[in-house]
Structures are given as structure tokens and as C-alpha cells.
Amino acid sequence: MNHLYRIYEKIFSDYSECKELVAGWKKRGDTIVFTNGCFDLIHEGHIIYLSKAASKGDHLLIGLNSDASVTRLKGNSRPLLGQDTRALVLASLFFVDGVILFEEDTPENLIAEILPDSLVKGSDYRIEEIAGADIVFSNGGKVETIELIPDASTTSIINKIKAL
Numbered sequence: 328m329n330h331l332y333r334i335y336e337k338i339f340s341d342y343s344e345c346k347e348l349v350a351g352w353k354k355r356g357d358t359i360v361f362t363n364g365c366f367d368l369i370h371e372g373h374i375i376y377l378s379k380a381a382s383k384g385d386h387l388l389i390g391l392n393s394d395a396s397v398t399r400l401k402g403n404s405r406p407l408l409g410q411d412t413r414a415l416v417l418a419s420l421f422f423v424d425g426v427i428l429f430e431e432d433t434p435e436n437l438i439a440e441i442l443p444d445s446l447v448k449g450s451d452y453r454i455e456e457i458a459g460a461d462i463v464f465s466n467g468g469k470v471e472t473i474e475l476i477p478d479a480s481t482t483s484i485i486n487k488i489k490a491l
């Protein structure tokens with residue numbers, strides 16, 4: 328079995344590449360959970376958050392901010408790891424069914440195409456602040472937040488390294 332191939336086949340450069348896969352899941356009545364983020368350095372907080380998100384449905388899709396998008400959101404020193412590396416790490420998680428890159432600052436357009444059953448973000452967001460929440464609600468879906476692990480963030484890891 329070629330595990331690396333199985334990982335790479337879960338990475339999509341845009342929604343058009345996985346449209347048929349998602350349509351098949353929906354046709355079977357499977358539930359689709361969507362979340363998004365930069366996921367610059369994968370840490371304990373990410374793993375716990377993503378595993379909890381995956382538990383909310385049959386398939387977990389992750390919208391991954393492109394390198395250009397991360398730079399616009401986080402500044403010129405980010406991302407630390409390129410989008411191909413970040414996508415590979417996320418896709419290697421057994422509970423992740425797909426990683427879709429997006430160029431915009433928010434995944435609203437991607438959410439409008441996927442129309443997930445559940446949209447999940449960290450508890451640092453209020454429901455009304457979550458990009459695409461209105462789209463999911465108007466299609467009968469749920470929008471939820473997941474409690475974050477205190478002090479588990481890429482920024483805190485960067486700050487610890489800088490302090491060395």
C-alpha cells in the first residue's frame with residue numbers, strides 16, 4: 328500500500344478538484360464538517376481541535392489558507408511552512424478526508440460551494456463572526472465552536488523559540 332499516495336490524493340488545489348467526491352458523500356447521505364485555518368505549525372491544540380471537529384460528522388474537510396493569504400493575515404514573517412508542507416501534514420491525519428487550498432482571506436466562497444452540514448471554528452470566534460456561517464445556516468446546517476487548549480498556539484511557539 329502506498330501511504331504517501333493516499334495522503335496526496337486528499338489534497339486539492341481548489342474545490343473543482345474534489346467536487347465529485349463531495350457530491351458522492353452527499354448523495355450517500357454522509358455529513359460533511361468543514362473548518363479552516365492557516366495551520367502553520369501543527370501542535371497539540373490543532374490535533375485536539377481537528378479531531379473534535381471530525382467527530383461531528385462523517386467527513387472532515389479543511390480549508391487551508393494559501394501562503395499569500397497567510398501573509399496577508401499574519402504578516403510578512405508568516406507562514407513559517409509553505410502551503411504544500413502544511414497541506415501534507417494535515418492530509419496525513421487519519422481523520423482528515425480532504426484539504427482544500429484557498430487564496431482569499433476567508434473561506435466564504437469555498438463554504439458556498441461545499442455547503443457543509445457543519446461549520447466548525449475555535450472558541451476564539453463568536454458564531455456571528457465566523458465567515459460563511461450565514462451560508463451554512465441558510466442551508467439548514469450547524470455552526471459550532473470548539474473550546475481551544477490554553478496557550479497552545481503557533482504564535483506562542485514562535486515566541487518561545489525567539490526567547491531562546
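Heads up: the sequence shown begins at 328 in this note's numbering, then just goes up one per residue.
Glycine included, each C-beta is placed from N, C-alpha and C at the ideal position.
Taking 8 Å as the cut-off, the Cβ atoms of Ala380 and Ile473 count as close.
Leu446 is positioned such that its CB atom lies no closer than 8 Å to that of Gly467. With respect to the 8 Å criterion, Ile334 and Ser419 are classified as neighbours on the basis of their beta carbons.
In the same chain as Lys337, and ignoring 5 residues on each side of it, the C-beta atoms closer than 7 Å to its own belong to Ala418, Val423, Asp424, Gly425 and Val426, in chain order. Membership of Leu428 in the beta strand (DSSP E) is indicated by the continuous run Gly425 to Phe429. With a cutoff of 8 Å on beta-carbon distance, Gln410 and Leu391 are scored as near each other. The criterion of a C-beta distance shorter than 8 Å is satisfied by Tyr342 and Glu440.
Put simply, the backbone Cα of Gly364 is about 30 Å away from that of Met328. Judged by DSSP in its simplified three-state form, Lys469 adopts strand. Per the DSSP secondary-structure output, Leu446 pairs in a beta bridge with Phe361 and Val470.
Under DSSP, His386 forms a beta bridge with Ile359. At the C-beta level, Ile476 and Leu368 stay beyond 8 Å of one another. One thing to note: Arg399 has its Cβ no nearer than 8 Å to the Cβ of Phe366.
Asp461 counts as exposed, since fewer than 16 other beta carbons sit within 10 angstroms of its beta carbon. Per DSSP, reduced to three states, the secondary structure at Asn436 is helical.
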